[in-house]
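Undergrad: Below: one structure in structure tokens.
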Amino acid sequence: MALLHRAELRPSKLELLVPWLPGRPWFAGEAGAAVSRVAAYRFDDPAGEVGMETLLVRAGAGPVLQVPLTYRGAPLAGADRFLVGVVEHSVLGRRWVYDAVGDPVYLPALAAAVLADAGQAQEYFEVDGERQVREPSMTVSGSRTDRALPAGPADEVVDGDPTLIRAGGVELALVRRPVPASAAGPVPTGVPASAGLTIAGRLVGAWPGQDAEVLLAFVR
Numbered sequence: 001m002a003l004l005h006r007a008e009l010r011p012s013k014l015e016l017l018v019p020w021l022p023g024r025p026w027f028a029g030e031a032g033a034a035v036s037r038v039a040a041y042r043f044d045d046p047a048g049e050v051g052m053e054t055l056l057v058r059a060g061a062g063p064v065l066q067v068p069l070t071y072r073g074a075p076l077a078g079a080d081r082f083l084v085g086v087v088e089h090s091v092l093g094r095r096w097v098y099d100a101v102g103d104p105v106y107l108p109a110l111a112a113a114v115l116a117d118a119g120q121a122q123e124y125f126e127v128d129g130e131r132q133v134r135e136p137s138m139t140v141s142g143s144r145t146d147r148a149l150p151a152g153p154a155d156e157v158v159d160g161d162p163t164l165i166r167a168g169g170v171e172l173a174l175v176r177r178p179v180p181a182s183a184a185g186p187v188p189t190g191v192p193a194s195a196g197l198t199i200a201g202r203l204v205g206a207w208p209g210q211d212a213e214v215l216l217a218f219v220r
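Residue numbers for the sequence shown follow my numbering, so the first one is 1 and each next one is one higher.
This is how it looks when you write it as structure tokens:
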């Protein structure tokens, strides 16, 4: 479960993305335009130290973009390349925000969702000592496979669409501009193929206004 706080962030998550997104090779939309939230889902950090939230956003009138973020209470060593920015959280204090593909806690969480259908974290607030569950803004579902889940940091991250996270002989692909999950073939339409690799598991999702499932991530 993911404990949420009724807090103010300065700058907000979406404000933080306005200058960051146009510098990504997979960006599409209006550079400098306001970023709007479409939906979101979270994963759990077993240690309870790192927040993991994936935002589905638009820049202006652009297409939906998938942006997984991690929130940390201190800088992550060796991860300057993936730093999105720093925010002030009215409850937790200063938080360092990273593109999650470069954060070692994100890799096993994403792999578990794709290969073991681990699902998303249930979100809740604590009010007067009681839990108040927040309804998810979208649904996600993965595959059930017998493949071993990679653990620890990635061997290599290749930014693009999809963004490739390679670890222990497994290639996790995060689709930055989600495509229809119903696309036929071993590699979905709109997603570049890698020689000799086929899809071994998928993570798909949907949200109000997007009833047909889209592909969010896969392993090949």
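Glycine included, every Cβ here is placed at the ideal spot set by N, Cα and C.
All figures in this text were calculated on a predicted structure; none of them were measured in a lab.
For R58, which residues from the same chain have a beta carbon less than 8 angstroms from its beta carbon, with the 5 sequence-adjacent residues on both sides left out?
TA: On the sequence shown, position 58 is the one that residue 58 refers to. Excluding residues within five positions, the ones whose Cβ falls inside 8 angstroms are G29, V35, S36, V38, V64, L65.
Undergrad: Cα separation between V114 and R10?
TA: Within the sequence shown, numbered from 1, the residue matching residue 114 stands at position 114. Within the sequence shown, numbered from 1, the residue matching residue 10 stands at position 10. Those two C-alpha atoms are separated by around 33 angstroms.
Undergrad: Could you tell me how far apart the beta carbons of A173 and R144 are, in whole angstroms, since I believe they sit closer than 8 angstroms?
TA: Sequence index remark: in the sequence shown, residue 173 carries index 173 (1-based). Sequence index remark: in the sequence shown, residue 144 carries index 144 (1-based). That pair is no contact at about 19 angstroms.
Undergrad: Examine the Cβ distances between the region 145-157 and the region 95-109 and report whether three or more of them are shorter than 8 angstroms.
TA: The region 145-157 vs the region 95-109: in contact.
Undergrad: Measuring alpha carbon to alpha carbon, tell me which of H89, E49, R42, L21 ends up nearest T139.
TA: Residue mapping note: residue 139 aligns to position 139 of the sequence shown, counting from 1. T139 has its Cα closest to that of R42, out of H89, E49, R42, L21.
Undergrad: I need the straight-line Cα distance from L83 to A77, nearest angstrom please.
TA: Numbered from its first residue, the sequence shown carries residue 83 at position 83. Numbered from its first residue, the sequence shown carries residue 77 at position 77. Going from the Cα of L83 to the Cα of A77 covers about 11 angstroms.
Undergrad: What separation, rounded to the nearest whole angstrom, lies between the Cα atoms of V86 and R95?
TA: Position 86 of the sequence shown, counting from 1, holds the residue named residue 86. Position 95 of the sequence shown, counting from 1, holds the residue named residue 95. Roughly 6 angstroms between the two C-alpha positions.
Undergrad: Tell me the DSSP bridge mates of V170?
TA: Within the sequence shown, the letter at position 170 stands for residue 170. Answer is A167, bridged to V170.
Undergrad: Would you kindly work out how many angstroms separate the C-alpha atoms of L216 and G51, rounded to a whole number?
TA: Counted from its first residue, the sequence shown places residue 216 at position 216. Counted from its first residue, the sequence shown places residue 51 at position 51. Approximately 19 angstroms, taken between the alpha carbons.
Undergrad: In the structure shown, what three-state DSSP assignment does G201 receive?
TA: What you label residue 201 is simply residue 201 of the sequence shown in a count that begins at 1. The answer is strand: DSSP assigns G201 an E or B state.
Undergrad: If you measure between the beta carbons of W269 and D161, is that distance less than 8 angstroms?
TA: Any property of residue 269 remains undetermined from this structure, which presents the chain solely from 1 to 220.
Undergrad: Is G23 buried or exposed, if buried means 16 or more other CB atoms sit within 10 Å of its CB?
TA: Start at 1 with the first residue of the sequence shown, and residue 23 comes out as number 23. Label assigned to G23: exposed.
Undergrad: Go ahead and pull the three-state DSSP assignment for A195.
TA: The residue given as residue 195 occupies position 195 in the sequence shown. Interpretation of A195 is limited by its pLDDT of 48, a score under 50 that renders its predicted location unreliable; no figure is taken from the coordinates.
Undergrad: Using 10 angstroms around the beta-carbon of P208, count the other beta-carbons present and answer buried if the total reaches 16, otherwise exposed.
TA: Position 208 of the sequence shown, counted from the start, is the residue given in the question as residue 208. Classification of P208: exposed, given that the 10 Å Cβ count is below 16.
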